[in-house]
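Notes to accompany the following structure.
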Amino acid sequence: MLGYLDKFESFDKTMMRDTSNIGSKYEKSKKIRFFLLIIAPLLLGLFAFGFFIIVGLIAGLLWRLTTRIFLRFVAPIYAKAISQGDKFIIRFSDAGLPELESRRERWNMGGERANGSLLLMVFLISLLSAQYVDMAATGQGMENFECSDGGIVAFSYVNDGDEDCADGSDEDVLDPVMCPGDVCMASPTERFSEAFLSAEVLLVLMFAPIVTCVMGPLFAIKDSSLSIVDRETKSINPIGGKLLDMTNAATGFGALVVGGKTLWTMATASGSEFGESVGMVIMGLFLFGFMFWFFYHPIWISAVIYTKKHNSYVRRFDDLITSSGRVEFHEVQYDGNKIVIEAADEMTQPSIGPASPPPIAPTSPPPIAPTSPPPIAPTSPPPVAP
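The sequence shown begins at 0 in numbering that gives the first Met the number 0 and counts up by one.
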């Protein structure tokens with residue numbers, strides 16, 4: 000028996016040691032990821048005189064302002080619109096919001112919210128790049144210069160101090176003549192790069208935190224404690240369920256699908272061979288990864304600034320909808336193991352939670368009747384004989 004106990008104790012110590020090793024490895028990986036995604040781009044961004052840091056700070060305040068405007072003016076109208084028909088709104092007693100007290104917790108949560116904003120950037124860049132498919136295919140819209148040896152270079156390379164033509168005919172040109180891209184067609188790689196890295200894409204990336212300020216209201220609605228009850232389908236859905244489903248194409252997995260489809264369309268339009276198209280897709284993925292790595296830290300700064308006020312925005316959203324008087328609220332009654340939802344007579348803030356036991360009336364001990372000692376019969380001394 001003692002042998003089994005010793006084996007169990009050694010196994011328990013081994014499990015505890017392995018668990019601690021896993022935890023330390025996880026913390027180490029988080030630190031490495033934080034250095035690669037935040038610190039390294041911040042150090043590189045110092046060469047831009049802190050431009051991206053300033054943009055991130057301003058965008059963080061803009062995230063808060065956008066959420067305030069949404070909660071004040073749009074939220075009641077949105078709740079009224081989605082609760083029309085045979086529906087009503089209920090409020091859960093506990094939204095389950097995590098209290099992020101430490102700085103590390105806010106930083107981690109800001110990283111999670113920055114990921115959703117990054118997917119929104121993928122979606123926007125894909126939409127902007129999709130309109131340049133013709134440029135990738137035929138070079139239409141490009142401005143090129145034909146070298147003396149027949150080579151084609153971008154017109155902006157003329158007289159830039161570097162010999163881009165093989166024979167150097169692009170330098171010291173007195174009167175350079177621009178050749179349209181569909182006439183003087185550049186190589187497939189140059190057409191793909193020009194179409195993918197357009198001026199609009201670079202502008203969106205530079206002001207990415209400001210563009211993603213619409214994520215603030217979405218995060219507030221996502222964590223709301225309000226839900227919509229449909230009498231017809233007998234279902235309960237979160238108040239932001241439909242809105243989040245609609246935006247999933249831009250802030251979720253749908254953004255990756257749209258981005259991959261855009262890359263493949265542009266690559267196949269630029270190259271005539273399958274291997275060449277695959278190479279361009281790989282190049283596009285590399286460009287995507289580098290751009291998002293370099294522009295990730297200002298989005299993270301904005302998300303961290305917003306995260307500090309996130310819980311208050313969620314509670315304010317719930318309170319505004321509850322007290323707006325534009326939607327129908329219901330009370331929740333408990334009947335044993337059943338939950339009964341009834342229309343509220345007054346505008347209250349109903350909640351669904353675990354049933355509480357009925358109050359127990361205080362009991363007092365029964366009164367104790369006062370007891371008196373038994374009477375003592377008087378005694379007289381015995382008579383003395385004369």
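Even for Gly, the Cβ is constructed at its ideal location relative to N, Cα and C.
Computed from a predicted model, the values in this text were never measured in an experiment.
Inter-residue spacing [alpha-carbon to alpha-carbon] between residue i and residue j
i	j	result
MET205	GLY240	31 Å
ASP222	GLU193	41 Å
GLY274	VAL280	10 Å
LEU99	ILE209	24 Å
ILE151	ILE124	28 Å
GLY258	GLU189	20 Å
ILE31	ARG112	19 Å
MET108	ALA80	31 Å
VAL200	GLU231	46 Å
LEU243	GLY138	39 Å
ALA198	LEU42	25 Å
LEU127	PHE34	31 Å
LEU202	GLY270	27 Å
LYS260	TYR305	32 Å
ARG387	LEU262	What is shown of the chain runs 0 to 385, which leaves residue 387 out entirely.
GLU272	ASP174	37 Å
ASN114	PHE252	11 Å
VAL73	ALA58	21 Å
GLY110	TYR77	28 Å
SER155	GLY149	17 Å
ILE53	GLY160	34 Å
GLY167	GLY49	38 Å
SER82	LEU319	15 Å
Closest residue to residue i among the options (Cα-Cα distance)
i	options	result
LYS233	LEU242, ASN247, LYS86	LYS86
PHE291	PHE51, ASP163, ASP166	PHE51
ASN143	VAL303, VAL176, ILE57	VAL176
SER147	GLY140, MET141, GLU162	GLU162
VAL213	LEU61, SER28, GLY283, GLY180	LEU61
PHE191	GLY278, LEU126, HIS309, GLU26	GLY278
ARG102	VAL303, HIS309, ARG315, GLY180	VAL303
PRO237	LEU43, PHE33, ARG71, ILE88	ILE88
ALA421	GLU145, SER155, VAL182	Outside the shown range of the chain (0 to 385) lies residue 421, about which nothing can therefore be said.
GLY180	GLY160, GLY149, GLN83, GLY140	GLY140
CYS386	GLY167, ASP174, ALA136, GLY215	Coverage of the chain is limited to positions 0 through 385, which leaves residue 386 absent and any answer about it impossible.
ALA153	CYS178, ALA129, GLY160	CYS178
Proximal residues to residue i (C-beta, below 7 Å), its chain only, five neighbours per side dropped
i	result
LYS307	ARG105
VAL172	VAL157, ASN158
ILE37	HIS296, TRP299
ALA96	Checking the sequence shown, residue 96 turns out to be Leu, not Ala. ASP222, ASN310, VAL313.
GLY288	none
Sequence-distant residues of the same chain with beta carbon closer than 8 Å to residue i, five excluded per side
i	result
VAL132	ALA194, THR264, MET265, ALA268
THR246	LEU217
LEU255	LEU118, VAL121
VAL228	LYS86, PHE87, ILE88, ILE89, SER234, ILE235, HIS329, ILE340
GLY283	PHE191, PHE195, LEU262, MET265, ALA266
GLY215	TRP62, ARG63, THR65, THR66, PHE69, TYR305, TYR312
With 16 other Cβ atoms within 10 Å as the buried cut-off, status of residue i
i	result
LEU117	buried
ASP169	buried
MET134	buried
SER28	exposed
SER276	buried
PHE69	buried
PHE285	exposed
GLY84	exposed
SER186	exposed
Contact set for residue i: own chain, Cβ-Cβ below 6 Å, skip 5 residues either direction
i	result
TYR312	THR66, ALA219
PRO40	PHE293, HIS296
LEU119	THR211, ALA249, THR250
GLY55	PRO208, PRO297, ILE300, SER301
ALA129	THR261
ARG315	LEU70
GLU26	none
For residue i, three-class secondary structure by DSSP
i	result
ASN158	coil
VAL182	coil
GLU142	strand
LYS27	helix
ASP222	coil
ASP317	helix
ASP229	strand
PRO237	strand
VAL176	coil
PHE87	strand
ALA194	helix
ALA165	coil
VAL256	helix
Closer than 7 Å: residue i CB and nearest the ligand ATP heavy atom
i	result
LEU41	The ligand content of the structure shown is nil, which means the ligand ATP is not present either.
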